[in-house]
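Asks: Protein chains in written order, with my numbering: chain A, 3 to 383; chain B, 336 to 592. Glycine included, each C-beta is placed from N, C-alpha and C at the ideal position. Dumping the structure here so I can ask a few things about it.
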Ligand SMILES: Cc1cc2nc3c(=O)[nH]c(=O)nc-3n(C[C@H](O)[C@H](O)[C@H](O)COP(=O)(O)OP(=O)(O)OC[C@H]3O[C@@H](n4cnc5c(N)ncnc54)[C@H](O)[C@@H]3O)c2cc1C
């Protein structure tokens with residue numbers, strides 16, 4: 003039975019995404035993990051099938067601003083078993099492009115949003131810096147006003163798609179004295195003199211997606227590339243966090259489910275002391291606990307999603323969902339490894355990857371600790 | 336060009352088949368899909384229409400109300416109209432289904448009729464051929480390539496050890512084999528459009544048939560599941576010894592060498 007939140011069209015879309023993932027992604031996941039990135043062509047294919055346009059209106063090549071459809075897409079994508087694939091597609095479609103769609107000029111939308119939806123351009127969002135993570139307001143990258151351009155200096159850290167992105171929506175200080183009220187967003191294109199990739203970073207998980215460290219040295223960016231208003235960047239960033247965090251929670255739930263399924267399968271096959279692991283009460287109860295955690299995480303996440311699509315204040319619920327779903331993914335994937343015993347520690351079995359991939363959940367997109375700050379700030383004013 | 340596609344809703348290929356207490360196949364809780372071979376047929380119909388630059392694709396199915404899901408999937412892929420004949424709670428065999436389909440089709444305009452060469456559930460591969468027989472038009476089975484021009488269809492079909500190219504005058508029935516094409520995934524736009532496309536629902540009476548006219552000629556007496564796979568055997572010991580034991584077991588127990 004489908005969940006009440008979704009309509010019939012969403013369940014039909016689910017089938018489409020599921021068979022696409024099954025046929026065109028799952029068989030190649032190991033190879034892409036090894037290569038450290040999935041082919042650029044996958045963006046094009048996802049664009050061609052309309053998946054990258056699910057949360058955008060038709061005038062920009064989308065199929066309607068349907069966040070439930072977007073949710074279905076990311077849930078099903080997670081079932082490919084490599085969270086890096088979803089991270090790459092997601093960073094472009096659900097993290098970078100929304101800034102342009104919601105706050106950018108018509109010109110920016112035509113130049114960057116439309117080709118992101120077709121999959122011809124890859125986007126990234128660059129906020130984090132070597133010395134500024136959770137404390138977004140403390141970023142040190144500056145953009146000095148110089149006639150019709152900004153001159154950008156600084157660096158960005160841990161940027162998903164950073165190595166091959168065609169454009170990076172970059173958080174810069176246009177008024178360094180003003181703290182969070184001095185941040186602006188600039189669209190900086192690949193090939194702009196002074197902008198480069200310092201390095202492709204080696205990671206514990208998300209290995210099918212590229213993560214880059216970027217630098218800007220007297221990089222001249224046309225003023226037309228400013229997203230929305232000058233010094234309103236902090237507000238823009240916070241605005242889209244709800245969707246980004248929902249996507250992370252949805253994927254954490256889906257990935258936990260996958261780990262549980264893998265654990266169930268293994269527990270039925272592996273025989274010790276004359277019977278399959280699935281006959282031991284300890285294992286059975288473990289599986290029951292995992293399933294209950296997942297179901298709770300899913301319910302909370304769907305609740306947050308329902309508030310978000312209804313246009314209500316979802317910040318608290320989203321923060322709770324992100325914490326709960328991502329912490330659940332850590333626990334469930336860890337138990338899945340435990341049930342696999344030594345085989346769970348071997349690279350041949352997919353559970354080790356689920357475990358590695360899950361670990362970013364409580365860190366990226368705002369750490370669990372920062373989520374708690376958001377929750378408590380609303381309770382104690 | 337009027338293109339008809341006959342399609343069936345079947346169990347999901349991943350479905351675990353169990354028998355109920357009456358020894359019949361349990362249908363409860365099983366997820367249902369469009370028969371994969373019929374998906375090839377729908378795709379071919381859409382390509383045909385696209386290549387011709389005009390035409391209309393109508394999908395037809397015989398089944399219960401839940402069969403609308405499979406028809407709607409075809410509409411979401413791009414078919415124009417759907418017709419569902421729900422015969423009610425009656426036993427059907429290939430004869431019954433083909434009789435119903437042929438009766439509905441005989442009241443429609445058509446240049447070409449497509450279908451999967453078989454359904455993955457009962458796998459009898461009879462219905463399309465029977466429809467052609469009743470309509471008195473040619474049938475070409477298991478096609479892997481199709482070209483249509485000047486009132487003729489040229490189809491490549493699989494035969495033992497090779498392939499054969501045949502030409503038939505239209506109208507004709509052609510059935511799809513794997514390899515004919517790669518079916519498209521319904522897009523969100525297609526799915527939303529499908530909601531507004533016509534889905535005609537008919538009863539046996541609407542079609543102009545009575546239950547007596549579709550009484551099955553074949554009766555399933557019993558169903559049984561395949562033997563469950565036995566657990567594997569691990570032969571312990573030194574490699575040379577274990578290999579000798581393995582050879583002995585293959586010869587004496589498994590009797591395969
Ligand atoms: C694989 C990967 C991909 C990423 N992709 C992107 C991207 O595309 N774009 C982007 O901009 N960023 C990206 N990030 C960065 C990510 O958002 C940050 O890592 C995250 O926000 C945490 O910042 P930090 O790493 O600097 O940790 P810090 O902020 O230094 O935190 C370290 C620890 O201290 C805790 N802490 C910090 N402040 C407080 C506090 N006030 N109270 C209590 N505890 C606190 C944190 O919770 C954490 O446990 C990515 C990171 C990774 C690992």
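(1) Quick check on the burial criterion: 16 or more other C-beta atoms within 10 angstroms. Buried or exposed for residue 262 (chain A)?
(2) For residue 97 (chain A), is the classification buried or exposed, using 16 other Cβ atoms within 10 angstroms of its Cβ as the cut-off for buried?
(3) Any idea what DSSP makes of residue 559 (chain B), helix, strand or coil?
(4) So is the beta-carbon of residue 266 (chain A) under 7 Å away from any non-hydrogen atom of ligand 1?
(5) Could you tell me the distance, in whole angstroms, from the CA atom of residue 389 (chain B) to the CA atom of residue 336 (chain B)?
(6) I'd like the ranges of any alpha helix (DSSP H) spanning at least 4 consecutive residues and lying wholly in the region 114–172 of chain A.
(7) Within 10 angstroms of its Cβ, does residue 581 (chain B) collect 16 or more other Cβ (buried), or is it exposed?
(8) According to DSSP, which residues form a beta bridge with residue 175 (chain A)?
(9) Does any residue of chain B have a CB that is nearer than 8 Å to the CB of residue 67 (chain A)?
(10) Comparing alpha-carbon positions, which option in A:146, A:285, A:332, A:164 lies nearest residue 224 (chain A)?
(11) Using a C-beta cutoff of 8 Å, does residue 258 (chain A) count as contacting chain B?
(12) For the region 6–23 of chain A, which residues have a CB atom closer than 7 Å to at least one CB atom of chain B, in sequence order?
(13) Could you tell me whether the Cβ of residue 422 (chain B) comes closer than 8 Å to any Cβ of chain A?
(14) What separation, rounded to the nearest whole angstrom, lies between the Cα atoms of residue 93 (chain A) and residue 378 (chain A)?
(15) Report the rounded CA-to-CA distance for residue 283 (chain B) versus residue 585 (chain B), giving the unit in angstroms.
(16) What does residue 217 (chain A) pair with, by DSSP beta-bridge criteria?
(17) Report yes or no: do the region 466–481 of chain B and the region 532–548 of chain B share at least 3 C-beta pairs separated by less than 8 Å?
(18) Taking only beta carbons into account, state which residues of the region 70–102 of chain A come closer than 8 Å to chain B, listed in chain order.
(19) Nearest chain B C-beta to residue 56 (chain A) closer than 8 Å, yes or no?
(20) Would a C-beta distance cut-off of 8 Å place residue 299 (chain A) and residue 319 (chain A) closer than the cut-off?
(21) If the criterion is Cβ atoms closer than 8 Å, does the pair residue 435 (chain B) and residue 470 (chain B) meet it?
(22) Is residue 162 (chain A) closer than 8 Å to residue 90 (chain A) when the C-beta atoms are compared?
(23) Give a yes or no on whether 8 Å exceeds the smallest Cβ distance from residue 533 (chain B) to chain A.
(24) My output table needs one value for residue 341 (chain B): the three-state DSSP class, helix, strand or coil.
(25) Which residues bound the alpha helix (DSSP H) around residue 574 (chain B)?
(26) Thinking C-beta only, is residue 126 (chain A) closer than 8 Å to residue 157 (chain A)?
(27) Determine whether the Cβ of residue 405 (chain B) lies closer than 8 Å to any Cβ atom of chain A.
(28) Could you tell me the alpha carbon to alpha carbon distance between residue 504 (chain B) and residue 360 (chain A), rounded to whole angstroms?
(29) Where does residue 313 (chain A) land, buried or exposed, given buried means 16+ other C-beta within 10 angstroms?
(30) From this set, A:123, A:186, A:291, A:246, which residue's C-alpha is nearest residue 172 (chain A)'s C-alpha?
(31) Would you mind working out which of A:116, A:369, A:375 sits nearest residue 251 (chain A), comparing C-alpha positions?
(32) Residues in the same chain with beta-carbon distance under 7 Å from residue 22 (chain A), minus the five sequence neighbours each way, listed in chain order, please.
(33) Cutting at 7 Å between CB atoms, please list the residues of its own chain near residue 228 (chain A), excluding the five before and the five after it.
(34) Can you look up residue 451 (chain B) in the DSSP assignment and give me helix, strand or coil?
(35) Need the endpoints of the alpha helix (DSSP H) that residue 373 (chain A) sits in, please.
(36) Can a CB atom of chain B be found closer than 8 Å to the CB of residue 44 (chain A)?
Replies: The short version:
(1) Indexing the first chain from 1 puts residue 262 (chain A) at position 260. Looking at its Cβ environment, which holds 16 or more other Cβ atoms inside 10 Å, residue 262 (chain A) is buried.
(2) The count along the first chain starts at 1 and reaches residue 97 (chain A) at position 95. So residue 97 (chain A) counts as buried.
(3) For the purposes of this step, residue 559 (chain B) is identified with residue 224 of the second chain, where counting begins at 1. The DSSP-derived three-state label of residue 559 (chain B) is coil.
(4) Here residue 266 (chain A) corresponds to residue number 264 of the first chain, with the count starting at 1. The beta carbon of residue 266 (chain A) sits no closer than 7 Å to any heavy atom of ligand 1.
(5) To locate residue 389 (chain B), count along the second chain from 1; it is residue 54. To locate residue 336 (chain B), count along the second chain from 1; it is residue 1. Each residue's Cα considered, the two are about 7 Å apart.
(6) 116–120
(7) Numbered from its first residue, the second chain carries residue 581 (chain B) at position 246. By the neighbour-count rule (16 or more Cβ atoms within 10 Å), residue 581 (chain B) is not buried but exposed.
(8) Numbered from its first residue, the first chain carries residue 175 (chain A) at position 173. A:144, A:185.
(9) By 1-based counting over the first chain, the position of residue 67 (chain A) is 65. Judged by the 8 Å Cβ criterion, residue 67 (chain A) is not in contact with chain B.
(10) Here the question's residue 224 (chain A) lines up with position 222 in the first chain. The shortest C-alpha separation from residue 224 (chain A) is found at A:146.
(11) Residue mapping note: residue 258 (chain A) aligns to position 256 of the first chain, counting from 1. It does not: the Cβ of residue 258 (chain A) has no partner Cβ on chain B nearer than 8 Å.
(12) 11, 14, 15, 18, 21, 22
(13) The count along the second chain starts at 1 and reaches residue 422 (chain B) at position 87. No, no contact with chain A.
(14) Locating residue 93 (chain A) in the first chain gives position 91, where the first residue counts as 1. Locating residue 378 (chain A) in the first chain gives position 376, where the first residue counts as 1. The straight-line gap from Cα to Cα measures roughly 28 Å.
(15) No answer is possible for residue 283 (chain B): it lies beyond the span of chain B, which begins at 336 and ends at 592.
(16) In the first chain, residue 217 (chain A) corresponds to position 215, counting from 1. The partner list for residue 217 (chain A) (beta bridge, DSSP) reads A:157, A:198.
(17) Touching, no.
(18) 71
(19) In the first chain, the residue the question calls residue 56 (chain A) occupies position 54. Taking Cβ atoms only, chain B reaches closer than 8 Å to residue 56 (chain A), which makes this a yes.
(20) Residue 299 (chain A) sits at position 297 when you count from the first residue of the first chain. Residue 319 (chain A) sits at position 317 when you count from the first residue of the first chain. In this structure, residue 319 (chain A) does not lie closer than 8 Å to residue 299 (chain A) by Cβ.
(21) Along the second chain, read from residue 1 onward, the residue named residue 435 (chain B) stands at position 100. Along the second chain, read from residue 1 onward, the residue named residue 470 (chain B) stands at position 135. Result no, Cβ atoms of residue 435 (chain B) and residue 470 (chain B) do not sit closer than 8 Å.
(22) Taking the first residue of the first chain as position 1, residue 90 (chain A) is located at position 88. Taking the first residue of the first chain as position 1, residue 162 (chain A) is located at position 160. A contact, by the Cβ cut-off of 8 Å.
(23) The residue labelled residue 533 (chain B) in the question sits at position 198 within the second chain. No, residue 533 (chain B) does not count as interfacial toward chain A.
(24) Mapped onto the second chain, residue 341 (chain B) falls at position 6. Here residue 341 (chain B) sits in strand by DSSP.
(25) Position 239 of the second chain, counted from the start, is the residue given in the question as residue 574 (chain B). Run containing residue 574 (chain B): 574–587, per the alpha helix (DSSP H) assignment.
(26) By one-based count along the first chain, residue 157 (chain A) stands at place 155. By one-based count along the first chain, residue 126 (chain A) stands at place 124. No, the Cβ-Cβ distance between residue 157 (chain A) and residue 126 (chain A) is not below 8 Å.
(27) The residue you call residue 405 (chain B) lines up with position 70 of the second chain. Output row for residue 405 (chain B): interface = no.
(28) For the purposes of this step, residue 504 (chain B) is taken as the residue at position 169 of the second chain. For the purposes of this step, residue 360 (chain A) is taken as the residue at position 358 of the first chain. About 59 Å.
(29) Taking the first chain and counting its residues from 1, the one referred to as residue 313 (chain A) is at position 311. That one is exposed.
(30) Along the first chain, one-based indexing puts residue 172 (chain A) at 170. Checked all of A:123, A:186, A:291, A:246; the closest Cα to residue 172 (chain A) is A:186.
(31) By one-based count along the first chain, residue 251 (chain A) stands at place 249. Answer by Cα proximity: A:369.
(32) Indexing the first chain from 1 puts residue 22 (chain A) at position 20. Around residue 22 (chain A): 51.
(33) Residue numbering aside, residue 228 (chain A) sits at position 226 when the first chain is read from its first letter. Here the set comprises 186, 188.
(34) Against the second chain, residue 451 (chain B) aligns to sequence position 116. Correct three-state label for residue 451 (chain B): strand.
(35) Reading the first chain from its first residue, position 371 is the one you call residue 373 (chain A). Its alpha helix (DSSP H) spans residues 370–381.
(36) Here residue 44 (chain A) corresponds to residue number 42 of the first chain, with the count starting at 1. Any Cβ of chain B closer than 8 Å to the Cβ of residue 44 (chain A) would place that residue at the interface, and such an atom is absent.
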